[in-house]
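What follows is a single structure, written as structure tokens, with notes after it.
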Amino acid sequence: MNIRMQKFLELFADYADFCFKTFGDRVTHWFTFNEPSRVAIGGYDIATTPPQRCTKCSAGGNSATEPYVVGHNFLLAHGYAVARYRNKYQGAARGRPHGVLDVSWYEALSNSTEDQAAAQRAMDFLVGWFLDPLINGQYPQIMQDLVKERLPRFTPDEAKVVKGSADWIGVNQYTTEFVKGQKLVLQRPTSYSADLQVTYSFERNGKPIGPRASSKWLYIVPRGMYGCVHYISQKYGNPPMLITKNGMDQPGNLTRDQYLRDATRVRYYRSYLCELKKAIDGGANVLGYFAWSLLDNFEWMYGYTSKFGIVYVNFNSPTLERHPKASAYWFRDLLQH
Numbered sequence: 031m032n033i034r035m036q037k038f039l040e041l042f043a044d045y046a047d048f049c050f051k052t053f054g055d056r057v058t059h060w061f062t063f064n065e066p067s068r069v070a071i072g073g074y075d076i077a078t079t080p081p082q083r084c085t086k087c088s089a090g091g092n093s094a095t096e097p098y099v100v101g102h103n104f105l106l107a108h109g110y111a112v113a114r115y116r117n118k119y120q121g122a123a124r125g126r127p128h129g130v131l132d133v134s135w136y137e138a139l140s141n142s143t144e145d146q147a148a149a150q151r152a153m154d155f156l157v158g159w160f161l162d163p164l165i166n167g168q169y170p171q172i173m174q175d176l177v178k179e180r181l182p183r184f185t186p187d188e189a190k191v192v193k194g195s196a197d198w199i200g201v202n203q204y205t206t207e208f209v210k211g212q213k214l215v216l217q218r219p220t221s222y223s224a225d226l227q228v229t230y231s232f233e234r235n236g237k238p239i240g241p242r243a244s245s246k247w248l249y250i251v252p253r254g255m256y257g258c259v260h261y262i263s264q265k266y267g268n269p270p271m272l273i274t275k276n277g278m279d280q281p282g283n284l285t286r287d288q289y290l291r292d293a294t295r296v297r298y299y300r301s302y303l304c305e306l307k308k309a310i311d312g313g314a315n316v317l318g319y320f321a322w323s324l325l326d327n328f329e330w331m332y333g334y335t336s337k338f339g340i341v342y343v344n345f346n347s348p349t350l351e352r353h354p355k356a357s358a359y360w361f362r363d364l365l366q367h
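The following block contains the structure:
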């Protein structure tokens, strides 16, 4: 590890320490990072998010190496922060530190051997990338095999810091995709995305995987909730999980009455929660659930053009007036019974 990276890890641990010390009397659950894979891929492979680095980007970058370095540094920073908490505060505080991962579900496009392997490879590259080190202290074997020397390695001491550093796993679950594979080949390294050797699709034989929400990436596929939770439960020794985000969006150009009558969102939550209950009934260790989101908010990628809230917010009003949508009343009735 270079001196600059070591300093960053120490500074992040100091920042986390300040938060633990300042807010620890009121905060019982700490999340170090949210969706690190989105930052690593979006910022350093496909350049859709800051700092928009990639092999062909004007800002510079290397799509074949930097995403892996960024993911590696996320894991180390998380481990350092958790170690600081456990060493200084665990005995006196009631809090527990965690990591939050974006977990889409990936299904084989067909029953072919290549597509079945591609579905597992997608789960390993996009979920196991972070979960395997947190649980086992090393990256998935398929990543080691395909990425080779471009994949950073944990030293024995680093592996000890990262392994077991999440008391439970935060799962953000929205949607599901089909994946199509191919016979694996050794190829010239070009990017993280190319390393997977899979093709994504929201259609099979011209039929969508489910109804689409407003966002192009969000299709309503309730079985994906069961798939993700059951998969993590079975593959990783049934760690405690918290569903930290689950929801769908409306477009940003509706009338107030249209926003308030969000029947599609009610169906979304009802169907996804039924699938979550199915996983829990099957033994998955799920501690709780958060809907995304309580309020319409500013989405980092889409601004005010994407509305995830179960409460409508009038952003044109000086008081930002708020009105519960049908989905908010549905949750109220659900919790009262």
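Counting along the sequence shown from 1, when you hit position 197 you're at 227 in the working numbering, and nothing is skipped either side.
Note that the Cβ used here is the ideal one computed from N, Cα and C, for glycine as well.
Check the DSSP bridge columns for residue i and list the partner residues they point to.
i	result
histidine 128	Phe61
tryptophan 135	Thr206
isoleucine 199	Gly129 and Met271
glutamine 280	Lys337
arginine 242	Tyr249
tyrosine 319	Ile273
valine 368	The structure shown does not extend to residue 368, since the chain spans only 31 to 367, so no value can be given for it.
How is residue i classed by DSSP in three states: helix, strand or coil?
i	result
arginine 183	coil
glutamate 351	coil
arginine 56	coil
leucine 161	helix
leucine 325	strand
threonine 95	coil
arginine 234	strand
threonine 85	coil
leucine 229	Checking the sequence, you will find threonine at residue 229 rather than leucine. It is a strand residue.
histidine 260	helix
aspartate 21	Limits of the chain in this structure are 31 at one end and 367 at the other, which puts residue 21 out of reach.
asparagine 168	Reading off the sequence, residue 168 comes out as glutamine, not asparagine. Glutamine 168: coil per DSSP, three-state reduction.
aspartate 292	coil
histidine 367	coil
lysine 307	helix
methionine 331	coil
threonine 143	helix
asparagine 32	coil
leucine 106	helix
tyrosine 119	coil
lysine 178	helix
arginine 300	helix
serine 221	coil
glycine 194	coil
If I measure Cβ to Cβ from residue i and keep anything under 7 Å in the same chain, skipping five residues before and after, which residues do I get?
i	result
glutamate 351	Asn344
tyrosine 266	Leu161 and Ile165
arginine 291	Ala356
Can you tell me which of the options puts its alpha carbon nearest to the alpha carbon of residue i?
i	options	result
proline 269	Thr285, Asp292, Val191 and Asp162	Asp162
valine 112	Val99, Ala77, Pro66 and Gly194	Gly194
glycine 159	Ala314, Leu306 and Phe104	The sequence shown places tryptophan at residue 159, not glycine. Of Ala314, Leu306 and Phe104, the residue nearest in Cα terms is Phe104.
tyrosine 302	Arg218, Ala321, Asp132 and Leu214	Ala321
lysine 376	Asp326, Lys37, His128 and Arg56	Given a span of 31 to 367 for the chain in the structure shown, any question on residue 376 remains unanswerable.
glycine 167	His102, Lys190 and Val177	Lys190
valine 332	Gln280, Lys178, Tyr359 and Asp55	A small correction: the amino acid at residue 332 is tyrosine; valine does not occupy that position in the sequence shown. Comparing Cα-Cα distances from tyrosine 332 to each of Gln280, Lys178, Tyr359 and Asp55, the minimum goes to Gln280.
glutamine 227	Gln264, Asn202, Ser244 and Leu176	Leu176
proline 241	Met278, Val215 and Thr229	Met278
alanine 149	Ser245, Gln174, Gln120 and Tyr230	Tyr230
leucine 216	Ala358, Gln174 and Asp187	Gln174
glycine 261	Asp154, Gly91 and Glu96	Reading the sequence as shown, one finds tyrosine at residue 261 and not glycine. Checked all of Asp154, Gly91 and Glu96; the closest Cα to tyrosine 261 is Asp154.
alanine 94	Arg180, Asp363 and Leu365	Arg180
tyrosine 115	Ile172, Cys49 and Glu65	Cys49
isoleucine 284	Tyr319, Glu329 and Tyr334	Checking the sequence, you will find leucine at residue 284 rather than isoleucine. Closest option to leucine 284, Cα to Cα, is Tyr334.
asparagine 117	Ala358, Gln288, Ser347 and Lys51	Lys51
proline 66	Cys87, Asn92 and Val133	Val133
arginine 151	Lys213, Tyr110 and Ala309	Lys213
tyrosine 249	Lys37, Lys307, Gly109 and Trp135	Trp135
glycine 318	Gln288, Asn276 and Gly109	Asn276
tryptophan 247	Lys237, Phe232 and Val259	Phe232
Give me, in chain order, the residues of the same chain whose beta-carbon lies closer than 6 Å to that of residue i; leave out the 5 immediate sequence neighbours on both sides.
i	result
proline 354	Val341
threonine 79	Gly72 and Gly73
alanine 107	Leu39 and Phe42
valine 100	Ala70 and Tyr74
If you measure from the beta carbon of residue i to each beta carbon in chain B, is any gap under 8 Å?
i	result
alanine 43	Checking the listed chains, one finds no chain B in this structure; it contains a single protein chain.
For residue i, which residues of its own chain have a beta-carbon under 8 Å away from its beta-carbon, when the five flanking residues on both sides are left out?
i	result
glutamine 146	Ala138 and Gly211
isoleucine 33	none
histidine 128	His59, Trp60, Phe61, Thr62, Ala196, Asp197, Trp198, Ile199, Gly200 and Leu272
cysteine 304	Pro252
Validate contact between the segment 247–254 and the segment 200–207 using beta carbons, cut 8 Å, 3 pairs: With the cut-off at 8 Å, the segment 247–254 and the segment 200–207 touch.
The segment 216–223 / the segment 278–296 touching (three or more Cβ pairs under 8 Å): no
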